[in-house]
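Single-structure report; data block below.
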Amino acid sequence: KLCEGILNILEKDTKTSCQVTCLEALRILSRDKKVLVPVTTKRNMQILMKLAKLDTVEDPLERVSEFPVIVEALKCLCNIIFNSSVAQKLSLELNLAAMLCNLLQECKDRQLVDDIKCFDLRLLFLLSLLHTDIRAQLRQELQGVQVLIQALESSLSVRWTEEYKAAEDRDRPPLSLQETDCAIEALKALFNVTLDSWNVHSKNESHQFRYMAAILRHCLLTTGPTEEKTEELH
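So in full-length UniProt numbering, spot 88 of the sequence shown is number 88, and the numbers just go up one at a time.
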């Protein structure tokens, strides 16, 4: 009942501070699988997806003041999808993966969106881990490999000297914590999406994998903000 009450409030046009508080409470409650059973419905998923700005055509990513709401809504979706097989099935029906890819593209070259990117990528990782149909959809229909490569390249601030050779700058500072976390989530999602791609058929696939290999090499030469984070990144 508490979760349902929170979602009823979130469905209304309430203040940003109230939305963030409600989402923080829902995120904590959504760690309990038993609590999730009555609230994992199509309507409730759509409420959270709207708050996460996943329909960027109808509701573009514009106001910075709304960014904390987007991040908390994505965190809630991560917990719900991880803990609920019903939510995993609804994700395919609601075309969640496509919306996440669109939001990632919307974040491209934008300031103050690292947290949004990180939890978008984490949700793509979870979907590609827990639902084989979504993994196939990402690889075949949504150009997911390209989208994830771009996210990884952006997080690592890769500069190119040749088509498949990234610039080596041994004096550059370590990645920030946010950049490192985004790169880690992109790598995890890429692993899932490319898991069944050992047999490369097309010229475009060959280019993608050579390009990705160059970025992965660059990643191994990159350091994070701490020794532990560097180890996790590698």
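For each residue, glycine too, the CB sits at the ideal point set by N, CA and C. All figures in this text were calculated on a predicted structure; none of them were measured in a lab.
Would the beta-carbon of residue 152 fall within 8 Å of that of residue 104?
-> No, the pair does not count as a contact, with Cβ atoms beyond the cut-off.
Taking 8 Å as the cut-off, decide whether the C-beta atoms of residue 82 and residue 192 are in contact.
-> Their beta carbons are not under 8 Å apart, which means residue 82 does not touch residue 192 by this criterion.
Evaluate residue 6 with the Cβ neighbour count: other Cβ atoms within 10 Å of its Cβ, from every protein chain shown; 16 or more gives buried, anything less gives exposed.
-> Residue 6 should be labelled buried.
Determine, using beta-carbon pairs with one atom in the stretch 218-230 and one in the stretch 171-186, whether at least three such pairs fall under 8 Å.
-> Output reads yes: the stretch 171-186 touches the stretch 218-230.
What are the boundary residues of the alpha helix (DSSP H) that includes residue 16?
-> Secondary structure note for residue 16: its alpha helix (DSSP H) is the uninterrupted segment 16-29.
When the Cα atoms are used, what is the spatial distance from residue 143 to residue 21?
-> The straight-line gap from Cα to Cα measures roughly 35 Å.
Contiguous beta strand (DSSP E) assignments of at least 3 residues, all confined to the stretch 140-222 = Runs of the beta strand (DSSP E) inside the stretch 140-222: 160-162.
Residue 113 - DSSP class collapsed to helix/strand/coil = Reduced to three states, the DSSP call for residue 113 is coil.
At what residue ranges does the stretch 59-142 contain a whole run of the alpha helix (DSSP H), taking only runs of 4 or more?
-> Listed in chain order, the complete alpha helix (DSSP H) runs (minimum 4 residues) inside the stretch 59-142 are 67-83, 85-93, 96-107, 114-130, 132-140.
Flag this pair as touching only if the stretch 101-121 and the stretch 156-171 have three or more C-beta atom pairs under 8 Å; answer yes or no.
-> Cβ pair count under 8 Å is below three, so no.
Taking only the alpha-carbon atoms, compute the straight-line gap between residue 215 and residue 65 and give it to the nearest angstrom.
-> Going from the Cα of residue 215 to the Cα of residue 65 covers about 33 Å.
Taking the alpha-carbon positions, what's the residue 113 to residue 155 distance?
-> For the pair residue 113 and residue 155, the Cα-to-Cα distance works out to about 11 Å.
Would the beta-carbon of residue 29 fall within 8 Å of that of residue 3?
-> Inclusion of residue 29 and residue 3 in the CB contact set at 8 Å is warranted, their separation being smaller than that value.
Measure how close the beta-carbons of residue 70 and residue 53 come, nearest whole angstrom, since I'm counting them as under 8 Å.
-> 5 Å between Cβ atoms; contact.
Kindly list the residues whose CB is nearer than 7 Å to the CB of residue 76, restricted to its own chain and excluding five residues on each side of it in sequence; keep chain order.
-> Cβ within range, chain order: 23, 26, 27, 30, 48.
What number of angstroms, rounded off, separates the C-alpha of residue 110 from the C-alpha of residue 62?
-> In this model, residue 110 and residue 62 are separated by some 10 Å (Cα to Cα).
In chain order, what residues of the same chain have a beta carbon less than 6 Å from the beta carbon of residue 129, not counting five sequence neighbours either side?
-> Counting only Cβ-Cβ distances below 6 Å, and skipping sequence neighbours, we find 192.
Rounded to whole angstroms, how far is the Cβ of residue 133 from the Cβ of residue 99, which I believe are closer than 8 Å?
-> The beta-carbon separation of residue 133 and residue 99, rounded to 16 Å, does not stay under the 8 Å limit for a contact.
In the DSSP assignment, find the alpha helix (DSSP H) that holds residue 35 and state where it starts and stops.
-> Per DSSP, residue 35 belongs to the alpha helix (DSSP H) from 33-36.
Given that a residue counts as buried once 16 or more other Cβ atoms are within 10 Å of its Cβ, and exposed if not, what is residue 72?
-> Of the residues assessed, residue 72 falls on the buried side of the cut-off, its CB having 16 or more other CB atoms within 10 angstroms.
Going by other Cβ atoms of all chains shown within 10 Å of its Cβ, with 16 needed for buried, is residue 18 buried or exposed?
-> Exposed is the label assigned to residue 18, since fewer than 16 other Cβ atoms lie within 10 Å of its Cβ.
Determine the direct distance from the alpha carbon of residue 232 to that of residue 43, and round the result to whole angstroms.
-> So the alpha carbons of these two residues sit roughly 37 Å apart.
For residue 229, three-class secondary structure by DSSP = Note: residue 229 maps to helix in three-state DSSP.
Tell me where the alpha helix (DSSP H) around residue 48 begins and ends.
-> If you look at residue 48, you'll find it in the alpha helix (DSSP H) that goes 42-51.
Around the Cβ of residue 37, are there at least 16 other Cβ atoms within 10 angstroms (buried) or fewer (exposed)?
-> So residue 37 ends up on the exposed side.
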